[in-house]
Amino acid sequence: MREAARIELDAVDRAIIDRLQGDFPICERPYLEAAEVLGIGEDELLARLRRLLDARVLTRFGPMFQIERMGGAFVLAAMRVPEADWERVLAVVNAFPEVAHNYRRTHELNMWFVLATETPGGIADTVARLEAASGLPVYPFPKLKEYFVEMKLEVRT
Amino acid sequence: MNERPDAAAIDAPDSDEAGGEGGTFAHPLDRRLVLATQGGLPLVARPYHALAEQLGAPVEDVMARLAAMLERGVIRRIGAVPNHYAIGYTANGMSVWDVPDERIDELGARVGGLAFVTHCYHRPRKLPDWPYNLFAMVHGASREEVQAKVAEIAALLGPACRAHDVLFSTQILKKTGLRIGG
């Protein structure tokens, strides 16, 4: 993962980040409409977005998809990896293209990753292959229900 | 085009996944629109016109299908996706809770309603290793701040919480964008 560059964020940058996390209009000149709400010009908004994207302050600007609604499947899974075996297991797990995100976490279950497959049936198959390749149990934690959250984080820096 | 090969196109940079609910594209243009925009919208004055030109489709259809996908929830929202770390959220804790199954929907909705909880899910327990059935992702500027927020969740749940833990991420081991293939 590329690190974000350290750039100074001014009040306008913060307003863009805080207020444009949703509700971007679908119309002929959406940047113009969004810019007017922010009290800046369309060109300035485009230039600032480009700068925030280049600096990786924004990871992207556009539609956020809920991909499971398109037929794919995503499941959080965890493994208990012995420290002595960590590097070997990490290489095995990360070599699977189905492993999208992988985090080390502070728990006995110390490796947490997201499996992404084109079809729901692909998850069980991938879990079985991961277990065979690593020699360790894989614990899938499928989402049973998602509770609504307002996904908006305000700039803290 | 704003092509960023490592940018995740779906929500929840830390904990996202779904329960395997199958689905299909409602319209032939939808899949192509996803492919064309999962790297981002064109940064030009008329982005939907640019997409229409790129796809060889009428701009009215492009805008109508995007609006329809937004309506159906295939698109959660359109806008800026901040890098949590870059905007000051350097600590993230996956808080996990053991609450009674018969109350989980009520409690999950209340936890999900807290401003600092960015994802909240009901997931299965794995007894005896893992007693927790409610997962809530908490972001903060420090571990102390995350712990303070976790304490707020504990206070909200009260005696309904039988056990809890918070798992901090200490290392990103892999992060590729969750994308559909062409």
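Chains E and S, in that order, are what the protein sequence lines are.
1 is the number of the first residue of the first sequence in the numbering used here; add one for each residue after it.
1001 is the number of the first residue of the second sequence in the numbering used here; add one for each residue after it.
Glycine included, C-beta positions come from ideal geometry on N, C-alpha and C.
Predicted model only: the values in this text are computed from it and were never measured.
Simplified DSSP assignment, three categories, for residue 1007 of chain S: One-based indexing of the second sequence puts residue 1007 of chain S at position 7. Here residue 1007 of chain S scores only 35 on pLDDT, less than 50, and its place in the model should not be relied on; the value that follows carries that caveat. Residue state, collapsed to three classes: coil.
CB contact below 8 Å: residue 1105 of chain S versus chain E: For this step, residue 1105 of chain S is matched to residue 105 along the second sequence. Among the CB atoms of chain E, one or more fall inside 8 Å of the CB of residue 1105 of chain S.
Residue 127 of chain E beta carbon less than 8 Å from that of residue 18 of chain E: Position 18 of the first sequence holds residue 18 of chain E. Position 127 of the first sequence holds residue 127 of chain E. Annotated as distal: residue 18 of chain E and residue 127 of chain E, with beta-carbon spacing of 8 Å or more.
Residues from the segment 32-65 of chain E in contact with chain S, defined by Cβ distance under 8 Å: Those would be 32, 42, 46, 49, 50, 52, 53, 55, 56, 57, 58, 59, 60, 61, 62, 63, 64 and 65, in chain order.
Own chain partners of residue 15 of chain E with C-beta closer than 8 Å, once the 5 adjacent residues on each side are dropped: Start at 1 with the first residue of the first sequence, and residue 15 of chain E comes out as number 15. Excluding positions up to five away in sequence, the list reads 38.
Contact check, residue 117 of chain E vs residue 131 of chain E, beta carbons under 8 Å: Mapped onto the first sequence, residue 117 of chain E falls at position 117. Mapped onto the first sequence, residue 131 of chain E falls at position 131. Between residue 117 of chain E and residue 131 of chain E, the C-beta spacing is not below 8 Å.
CB contact flag (residue 1141 of chain S, residue 1091 of chain S, <8 Å): Position 141 of the second sequence, counted from the start, is the residue given in the question as residue 1141 of chain S. Position 91 of the second sequence, counted from the start, is the residue given in the question as residue 1091 of chain S. It is a contact, given that the beta carbons lie within the stated cut-off.
Residue burial classification, residue 1007 of chain S (beta-carbon count within 10 angstroms, cutoff 16): In the second sequence, the residue the question calls residue 1007 of chain S occupies position 7. For residue 1007 of chain S, the predicted structure reports a pLDDT of 35, less than 50, and the residue's modelled location is therefore unreliable. A value from the coordinates is still provided. With 16 or more other Cβ atoms within 10 Å, it is buried.
With 16 other Cβ atoms within 10 Å as the buried cut-off, status of residue 125 of chain E: Counting from one through the first sequence, the residue named residue 125 of chain E turns up at place 125. Result: exposed.
Nearest-angstrom Cβ-Cβ length linking residue 1133 of chain S and residue 1104 of chain S, presumed shorter than 8 Å: Taking the second sequence and counting its residues from 1, one reaches residue 1133 of chain S at position 133. Taking the second sequence and counting its residues from 1, one reaches residue 1104 of chain S at position 104. Contact holds; Cβ gap of about 6 Å.
Chain-order list of residues whose beta-carbon lies under 7 Å from that of residue 22 of chain E (same chain, five-residue window excluded): For the purposes of this step, residue 22 of chain E is identified with residue 22 of the first sequence, where counting begins at 1. Excluding five sequence positions before and after residue 22 of chain E, none of the CB atoms of its chain fall closer than 7 Å to its own CB.
Assumed close pair residue 29 of chain E, residue 1045 of chain S - CB separation to whole angstroms, cut-off 8 Å: Indexing the first sequence from 1 puts residue 29 of chain E at position 29. Indexing the second sequence from 1 puts residue 1045 of chain S at position 45. Yes, they are in contact, since the Cβ atoms of residue 29 of chain E and residue 1045 of chain S sit about 6 Å apart, within 8 Å.
Burial state of residue 148 of chain E, where buried means 16 or more other Cβ atoms lie within 10 Å: Taking the first sequence and counting its residues from 1, one reaches residue 148 of chain E at position 148. Residue 148 of chain E should be labelled exposed.
Cβ-Cβ distance between residue 1169 of chain S and residue 103 of chain E below 8 Å: As a working mapping, residue 1169 of chain S is identified with position 169 in the second sequence. As a working mapping, residue 103 of chain E is identified with position 103 in the first sequence. Closer than 8 Å, so yes.
Any C-beta of chain S under 8 Å from that of residue 142 of chain E: Taking the first sequence and counting its residues from 1, one reaches residue 142 of chain E at position 142. By this cut-off, residue 142 of chain E is an interface position.
Three-state secondary structure (DSSP) of residue 12 of chain E: On the first sequence, residue 12 of chain E is found 12 positions in, with the first residue counted as 1. Residue state, collapsed to three classes: helix.
Residue 1100 of chain S beta carbon less than 8 Å from that of residue 1160 of chain S: What you label residue 1160 of chain S is simply residue 160 of the second sequence in a count that begins at 1. What you label residue 1100 of chain S is simply residue 100 of the second sequence in a count that begins at 1. Taking the C-beta atoms as reference points, residue 1100 of chain S is found nearer than 8 Å to residue 1160 of chain S.
Beta-carbon neighbours of residue 104 of chain E, restricted to chain S and to distances below 7 Å: Your numbering for residue 104 of chain E matches position 104 in the first sequence. Near residue 104 of chain E (Cβ distances below 7 Å), the residues of chain S are 1169, 1170, 1171 and 1173.
Alpha-carbon spacing of residue 113 of chain E relative to residue 129 of chain E, whole angstroms: As a working note, residue 113 of chain E is residue 113 in the first sequence. As a working note, residue 129 of chain E is residue 129 in the first sequence. Looking at the two C-alpha atoms, the distance is approximately 15 Å.
Extent of the continuous beta strand (DSSP E) to which residue 1095 of chain S belongs: Taking the second sequence and counting its residues from 1, one reaches residue 1095 of chain S at position 95. Membership of residue 1095 of chain S in the beta strand (DSSP E) is indicated by the continuous run 1091-1098.
The ligand SAM heavy atom lying under 7 Å from the CB of residue 47 of chain E: As far as ligands go, the structure on display features none, and thus does not contain the ligand SAM.
Interface residues of the segment 1118-1130 of chain S facing chain E [CB-CB below 9 Å]: For the segment 1118-1130 of chain S, the set of positions with a beta-carbon nearer than 9 Å to some beta-carbon of chain E reads 1118, 1119, 1120, 1121, 1122, 1123, 1124, 1126, 1129 and 1130 in chain order.
Close beta carbons around residue 1055 of chain S, own chain, < 8 Å, minus the five adjacent residues each side: Against the second sequence, residue 1055 of chain S aligns to sequence position 55. Counting only Cβ-Cβ distances below 8 Å, and skipping sequence neighbours, we find 1029, 1032, 1033, 1036 and 1062.
Closer than 8 Å to chain E by CB, residue 1079 of chain S: Translated into positions along the second sequence, residue 1079 of chain S becomes position 79. Chain E contact via Cβ: present.
CB contact check: residue 23 of chain E to chain S, cutoff 8 Å: Mapped onto the first sequence, residue 23 of chain E falls at position 23. Yes, its Cβ sits closer than 8 Å to a Cβ of chain S.
Whether residue 135 of chain E touches residue 1041 of chain S by CB criterion (8 Å): Taking the first residue of the first sequence as 1, we reach residue 135 of chain E at position 135. Taking the first residue of the second sequence as 1, we reach residue 1041 of chain S at position 41. Cβ distance not < 8 Å, so residue 135 of chain E and residue 1041 of chain S don't count as in contact.
Partners in chain E for residue 1165 of chain S, counting only beta-carbon separations shorter than 8 Å: Locating residue 1165 of chain S in the second sequence gives position 165, counting from the first residue. For the C-beta of residue 1165 of chain S, the chain E residues within less than 8 Å are, from N- to C-terminus, 107.
Contact list for residue 20 of chain E against chain S, beta-carbon separation under 7 Å: What you label residue 20 of chain E is simply residue 20 of the first sequence in a count that begins at 1. By Cβ distance, chain S contributes 1079 and 1080.
Cα-Cα separation, residue 94 of chain E to residue 1060 of chain S: On the first sequence, position 94 is the one that residue 94 of chain E refers to. On the second sequence, position 60 is the one that residue 1060 of chain S refers to. It is roughly 42 Å from the alpha-carbon of residue 94 of chain E to the alpha-carbon of residue 1060 of chain S.
Distance CB(residue 1136 of chain S)-CB(residue 1095 of chain S) smaller than 8 Å: Taking the first residue of the second sequence as 1, we reach residue 1136 of chain S at position 136. Taking the first residue of the second sequence as 1, we reach residue 1095 of chain S at position 95. Using a Cβ distance threshold of 8 Å, residue 1136 of chain S and residue 1095 of chain S count as a contacting pair.
Per-residue DSSP class, three states only, for residue 1170 of chain S: Position 170 of the second sequence, counted from the first residue, corresponds to residue 1170 of chain S. Note: residue 1170 of chain S maps to strand in three-state DSSP.
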